[in-house]
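Student:
Residue numbers (the UniProt record's numbering): 1 to 981.
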């Protein structure tokens with residue numbers, strides 16, 4: 001993210017580029033073949049680009065010096081605005097900058113290196129354009145004509161300020177690439193040589209010594225549905241092609257949608273080396289799963305995935321992802337109170353501008369995912385046929401001559417380090433800053449296999465960052481050794497074509513298809529609820545032999561879960577899936593959480609083993625062994641996380657949530673202890689995890705039950721009950737106090753906001769109902785009125801969202817006018833379950849509960865089978881409604897149980913979005929379906945996982961989900977009339 005430009009500071013920096021600017025003007029006059037107006041265009045564009053870079057690097061320093069000048073009374077003006085202008089005039093002199101050398105040693109040389117590199121690169125571009133323009137005129141679709149505009153900085157700068165540039169001439173546009181373009185030429189030939197009717201395209205290129213030109217590709221949408229299908233089929237073909245060629249870095253800026261054609265406009269990162277990762281400590285199964293994912297199509301950057309770096313958390317930059325409306329807002333630096341001596345650096349939250357990578361205004365991955373898979377399958381089969389005939393290896397030999405780039409670290413990692421290295425504190429003590437940067441790069445190498453760990457290479461990377469560049473690593477494909485910054489070398493020689501071909505031949509196509517499927521679902525920021533192409537609902541289902549059929553389905557799905565597990569000799573187990581995490585969805589080995597990870601799978605395997613032992617579930621061979629393997633893996637991960645926290649200074653805190661975060665892990669270990677499978681260590685592990693809650697709370701900005709502070713309350717109260725230690729009630733109070741302080745109150749209604757949802761949300765998992773439920777539980781445990789009052793205010797916010805005409809709750813998300821889902825995460829199911837759990841089944845809320853139940857039956861069935869936003873989540877509310885007399889007439893328990901069992905029999909288990917391959921997880925996957933099938937047996941005493949307050953043993957929560965210390969008439973039940981007004 002670039003810093004917002006302030007005009008006054010921009011002008012002040014002119015003194016720094018004056019000499020280089022004058023020198024470039026003279027150099028341009030000596031280049032023949034350029035009109036005077038063209039020289040001016042080049043000069044002004046280079047100068048503006050250099051000033052923009054300088055502004056981004058020095059803005060913090062200038063603001064700090066402004067305040068220092070005010071504090072030290074070095075500004076004579078009498079008012080704030082005048083002092084600003086006085087400082088700007090002072091900063092516009094060379095003496096100001098050279099005078100900073102004493103406090104910021106080496107600053108002047110650093111600035112000059114940055115400036116000289118960019119102006120030299122601009123001069124080089126001008127000479128090359130003048131020399132090649134006649135050829136470019138013959139090659140382009142139309143005569144070039146006069147150069148009218150030059151866009152410098154179309155990509156990151158490397159090797160002394162060199163960057164891709166777009167030249168707009170009177171007749172056509174061309175793209176300048178200051179790197180060899182042989183790989184572009186050979187990729188185009190390779191695709192054309194396949195002899196297939198493909199929509200894949202690579203821009204035409206002119207190859208020169210060390211640089212080249214490519215055709216400009218304009219973005220335009222597909223004309224019709226046939227064009228859209230061709231585009232998405234082409235995406236699948238690109239996935240197959242790049243899986244063979246080891247392509248990476250195919251993010252949204254490197255893909256242009258040109259009608260029906262997906263055009264890869266920058267294909268410099270082919271034949272990326274394969275480097276084995278060091279053991280993670282999370283178990284051999286996790287490492288094997290991670291290696292499988294890293295070696296798959298997911299590694300190329302074309303498929304959706306969410307960033308984890310500080311400035312990019314939750315951002316999808318992928319070629320086919322980055323969907324409009326599915327991106328978080330991002331914080332960009334901005335000068336606050338510019339024009340006064342109070343100016344300081346702040347942030348503003350902005351929407352990410354849509355790219356040019358989509359063939360329509362509203363990209364429809366939910367519609368066209370079969371075309372993506374179809375393109376991948378068809379081209380993979382053709383490539384395998386070529387290989388079987390012995391033709392493929394020979395065709396790939398053409399790439400041996402090519403020079404390619406290797407991305408060893410994420411650009412956002414470099415960008416964060418660059419901001420740190422140019423911070424005034426770092427400029428004051430550069431040795432210390434460089435040492436810290438080196439340590440960060442070494443640690444980054446521990447978690448990324450393809451990252452240099454050589455001290456000399458790391459030092460060269462930092463030197464490039466200091467000069468304002470992104471470090472560049474390149475290699476000749478036939479040689480394989482990486483040429484790093486400042487003449488460094490890394491990795492042993494290797495024939496990269498042979499390596500890539502061998503890696504491709506070992507590919508597990510079924511895994512690749514699953515990864516594609518799951519990754520497409522990751523393009524969507526929320527778990528959401530999609531309408532199924534064909535409704536899964538079964539009308540008038542048969543009710544005979546229901547228990548036998550229920551058991552058959554549960555056992556069948558449990559076996560499927562077991563067969564999809566990766567098991568290793570150290571006793572660990574892993575699954576690969578598209579799972580929801582703190583930054584969004586991504587395809588990865590499942591994590592430790594309850595929502596879609598190992599904690600939820602542990603509860604399901606433990607529950608199945610218990611029900612099998614009780615004779616209420618069919619025998620699944622190896623279920624106890626699977627359960628123990630999951631617990632073993634959780635133990636490994638917990639121990640490794642503890643060790644990492646001791647080793648890494650200021651690790652990123654785990655969120656506090658009840659489904660994703662510390663609350664999830666605490667609750668899972670307590671449940672495993674209660675079930676007798678944690679071998680006495682569950683409470684100790686939960687206690688150690690709870691010690692992290694204060695730092696987790698300090699970093700929390702979400703507040704909700706799923707990942708935020710509200711989700712940590714009930715697990716801490718459970719830990720208090722297990723240990724009788726008042727410390728954990730105190731921690732729960734701290735969470736409750738934070739929620740009360742963070743609430744936005746309007747007319748007695750409370751909501752909780754953050755950047756993406758500035759008006760707050762309703763619902764259980766993400767919104768006011770869930771937060772109010774947690775505060776009500778805290779009020780019951782502590783007797784404090786503050787929490788009860790805020791819980792009432794949260795429920796009042798939800799009440800205000802109820803649409804009496806439609807019989808459901810309005811959704812505060814921007815869903816194009818769509819109503820709230822009849823789901824646990826957003827809408828009727830979660831709201832209804834929370835109210836029932838709080839004892840609000842009589843009085844004013846009763847009719848609202850009836851509406852929630854009716855909505856769950858009408859709209860909550862038929863989309864998918866998951867808990868979060870599917871049939872088996874709605875089943876829990878419907879079952880509770882029957883027990884509490886809230887169900888519609890003629891609804892019976894046999895009817896709703898039979899409807900869901902029959903749906904499984906007819907359609908098979910369906911979970912997830914955009915037809916994604918089945919997730920194993922609890923809330924959106926197979927595990928949750930099994931869990932609810934077990935709980936359909938009225939004798940089953942497994943607690944609810946949708947209202948996470950029950951103990952492992954005791955009454956079934958389809959009859960009672962109250963925790964041990966809830967009074968028979970909870971305070972919130974008495975307060976219902978207040979909320980409803």
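The C-beta atom is built at its ideal place from N, Cα and C for all residues, glycine as well.
As the structure is a computational prediction, the values presented were derived from the model and not from experiment.
What does the Cβ neighbour count give for residue 131, buried or exposed, with the cut at 16 atoms within 10 Å?
Tutor: Looking up residue 131 in the chain shown gives position 131. Result: exposed.
Student: Out of curiosity, what's the CA-to-CA distance linking residue 472 and residue 462?
Tutor: Translated into positions along the chain shown, residue 472 becomes position 472. Translated into positions along the chain shown, residue 462 becomes position 462. So the two alpha carbons sit approximately 12 angstroms from each other.
Student: Give me the residue from 846, 390, 927 and 399 with the minimum Cα distance to residue 478.
Tutor: Within the chain shown, the letter at position 478 stands for residue 478. Among 846, 390, 927 and 399, the Cα nearest to that of residue 478 is on 399.
Student: Look at the Cβ atom of residue 145, then the Cβ atom of residue 170, and state whether they are nearer than 8 angstroms.
Tutor: Here residue 145 corresponds to residue number 145 of the chain shown, with the count starting at 1. Here residue 170 corresponds to residue number 170 of the chain shown, with the count starting at 1. Cβ atoms of residue 145 and residue 170: closer than 8 angstroms.
Student: Return the CA-CA distance between residue 103 and residue 424, expressed in angstroms with no decimal places.
Tutor: Within the chain shown, numbered from 1, the residue matching residue 103 stands at position 103. Within the chain shown, numbered from 1, the residue matching residue 424 stands at position 424. Taking the straight line from one Cα to the other gives about 10 angstroms.
Student: Roughly how many whole angstroms lie between the Cα atoms of residue 20 and residue 129?
Tutor: Here residue 20 refers to the residue found at position 20 of the chain shown. Here residue 129 refers to the residue found at position 129 of the chain shown. Looking at the two C-alpha atoms, the distance is approximately 20 angstroms.
Student: Straight-line CA distance for residue 236 to residue 351?
Tutor: Against the chain shown, residue 236 aligns to sequence position 236. Against the chain shown, residue 351 aligns to sequence position 351. Their Cα atoms are separated by approximately 29 angstroms.
Student: Which of helix, strand or coil does DSSP assign to residue 135?
Tutor: Residue mapping note: residue 135 aligns to position 135 of the chain shown, counting from 1. Helix at residue 135.
Student: Grab the span of the alpha helix (DSSP H) containing residue 881 for me, first residue to last.
Tutor: Taking the first residue of the chain shown as position 1, residue 881 is located at position 881. Counting along the chain, the alpha helix (DSSP H) containing residue 881 begins and ends at 871-883.
Student: From what residue to what residue does the beta strand (DSSP E) around residue 215 run?
Tutor: To locate residue 215, count along the chain shown from 1; it is residue 215. Residues 211-215.
Student: In the stretch 460-502, which residue ranges form an unbroken beta strand (DSSP E) of at least 3 residues, counting only runs that do not cross its ends?
Tutor: The qualifying runs are 474-476.
Student: Out of 152, 57 and 126, which has the shortest C-alpha to C-alpha gap to residue 45?
Tutor: To locate residue 45, count along the chain shown from 1; it is residue 45. For the residues 152, 57 and 126, the minimum Cα distance to residue 45 belongs to 152.
Student: Tell me, to the nearest whole angstrom, how far the beta carbon of residue 521 is from that of residue 585; I am working on the premise that it is less than 8 angstroms.
Tutor: Stepping through the chain shown from its first residue, residue 521 is reached at position 521. Stepping through the chain shown from its first residue, residue 585 is reached at position 585. Yes, they are in contact, since the Cβ atoms of residue 521 and residue 585 sit about 6 angstroms apart, within 8 angstroms.
Student: When the Cα atoms are used, what is the spatial distance from residue 419 to residue 121?
Tutor: Against the chain shown, residue 419 aligns to sequence position 419. Against the chain shown, residue 121 aligns to sequence position 121. If you take the alpha carbons of residue 419 and residue 121, they lie about 23 angstroms apart.
Student: Run through DSSP, which three-state label would residue 824 get?
Tutor: Here residue 824 refers to the residue found at position 824 of the chain shown. Here residue 824 sits in coil by DSSP.
Student: May I ask which residues mark the beginning and end of the alpha helix (DSSP H) holding residue 150?
Tutor: Here the question's residue 150 lines up with position 150 in the chain shown. Counting along the chain, residue 150 falls outside any alpha helix (DSSP H), though it belongs to the beta strand (DSSP E) covering 147-152.
Student: Measuring only the C-alpha atoms, how far is residue 855 from residue 617?
Tutor: For the purposes of this step, residue 855 is identified with residue 855 of the chain shown, where counting begins at 1. For the purposes of this step, residue 617 is identified with residue 617 of the chain shown, where counting begins at 1. Those two C-alpha atoms are separated by around 31 angstroms.
Student: Am I right that residue 587 and residue 293 are in contact with their C-beta atoms under 8 angstroms? What's the rounded C-beta distance?
Tutor: Here residue 587 refers to the residue found at position 587 of the chain shown. Here residue 293 refers to the residue found at position 293 of the chain shown. With a Cβ gap of about 6 angstroms, residue 587 and residue 293 count as contacting.
Student: Who are the Cβ neighbours of residue 567 in its own chain at under 6 angstroms, not counting the five residues just before and after it?
Tutor: Within the chain shown, numbered from 1, the residue matching residue 567 stands at position 567. Closer than 6 angstroms at Cβ, skipping near neighbours: 573.
Student: Identify every residue that forms a DSSP beta bridge with residue 749.
Tutor: Here residue 749 refers to the residue found at position 749 of the chain shown. Its beta-bridge partners are 746.
Student: Go through its chain and collect everything with a Cβ distance to residue 324's Cβ below 8 angstroms, but skip five positions before and after it.
Tutor: As a working mapping, residue 324 is identified with position 324 in the chain shown. The answer, listed in chain order, is 354, 358, 361, 362 and 363.
Student: Taking buried to mean at least 16 other C-beta atoms within 10 Å of its own C-beta, is residue 932 buried or exposed?
Tutor: Taking the first residue of the chain shown as 1, we reach residue 932 at position 932. It counts as buried.
Student: How about the stretch 668-679 and the stretch 715-726: do they share at least three Cβ pairs that are nearer than 8 angstroms?
Tutor: Yes, since at least three Cβ pairs between the stretch 668-679 and the stretch 715-726 fall closer than 8 angstroms, the two stretches touch.
Student: Comparing alpha-carbon positions, which option in 227, 179 and 209 lies nearest residue 200?
Tutor: For the purposes of this step, residue 200 is taken as the residue at position 200 of the chain shown. The shortest C-alpha separation from residue 200 is found at 227.
Student: Taking the C-alpha atoms as reference points, what is the distance between residue 975 and residue 705?
Tutor: Here the question's residue 975 lines up with position 975 in the chain shown. Here the question's residue 705 lines up with position 705 in the chain shown. Per-residue confidence for residue 975 stands at a pLDDT of 40, beneath the threshold of 50, marking its modelled position as unreliable; no derived number is given.
Student: In the DSSP output, what is residue 334 paired with across the bridge?
Tutor: Stepping through the chain shown from its first residue, residue 334 is reached at position 334. Residue 334 is bridged to 346.
Student: Sort 883, 951, 888 and 866 by Cα distance to residue 921 and report the nearest one.
Tutor: Counting from 1 along the chain shown, the entry for residue 921 is found at position 921. With distances taken between Cα atoms, residue 921 lies closest to 866.
Student: Which residues in the same chain have their Cβ closer than 8 angstroms to the Cβ of residue 28, if we skip the five residues on either side of it in sequence?
Tutor: The residue given as residue 28 occupies position 28 in the chain shown. Excluding positions up to five away in sequence, the list reads 34, 39, 42, 43, 123 and 126.
Student: Please report the distance separating the alpha-carbon of residue 718 from that of residue 667.
Tutor: Counting from one through the chain shown, the residue named residue 718 turns up at place 718. Counting from one through the chain shown, the residue named residue 667 turns up at place 667. Roughly 8 angstroms separates the two Cα atoms.
Student: Is the CB-CB distance between residue 212 and residue 205 below 8 angstroms?
Tutor: As a working mapping, residue 212 is identified with position 212 in the chain shown. As a working mapping, residue 205 is identified with position 205 in the chain shown. Yes, these two residues count as a Cβ contact at 8 angstroms.
Student: Is residue 436 helix, strand or coil when you go by DSSP?
Tutor: For the purposes of this step, residue 436 is identified with residue 436 of the chain shown, where counting begins at 1. Correct three-state label for residue 436: helix.
Student: Could you give the uninterrupted runs of the alpha helix (DSSP H) lying entirely in the stretch 34-91, keeping only those of 4 residues or more?
Tutor: For the stretch 34-91, whole alpha helix (DSSP H) runs of length 4 or above, ordered along the chain, are 36-71 and 80-91.
Student: Based on the DSSP output, what are the partners of residue 169 in its beta bridges?
Tutor: In the chain shown, the residue the question calls residue 169 occupies position 169. Answer by DSSP bridge pairing, in chain order: 147.
Student: So the beta strand (DSSP E) residue 229 belongs to, where does it begin and stop?
Tutor: Here residue 229 refers to the residue found at position 229 when the chain shown is read from its first residue. From DSSP, residue 229 is part of no beta strand (DSSP E) but of the alpha helix (DSSP H) over 225-245.
Student: Just the Cα atoms here: how many angstroms apart are residue 813 and residue 327?
Tutor: Sequence index remark: in the chain shown, residue 813 carries index 813 (1-based). Sequence index remark: in the chain shown, residue 327 carries index 327 (1-based). Answer to the nearest angstrom: the Cα atoms are 13 angstroms apart.
Student: What is the DSSP secondary structure of residue 955, counted as helix, strand or coil?
Tutor: To locate residue 955, count along the chain shown from 1; it is residue 955. Here residue 955 scores only 37 on pLDDT, less than 50, and its place in the model should not be relied on; the value that follows carries that caveat. Residue state, collapsed to three classes: coil.
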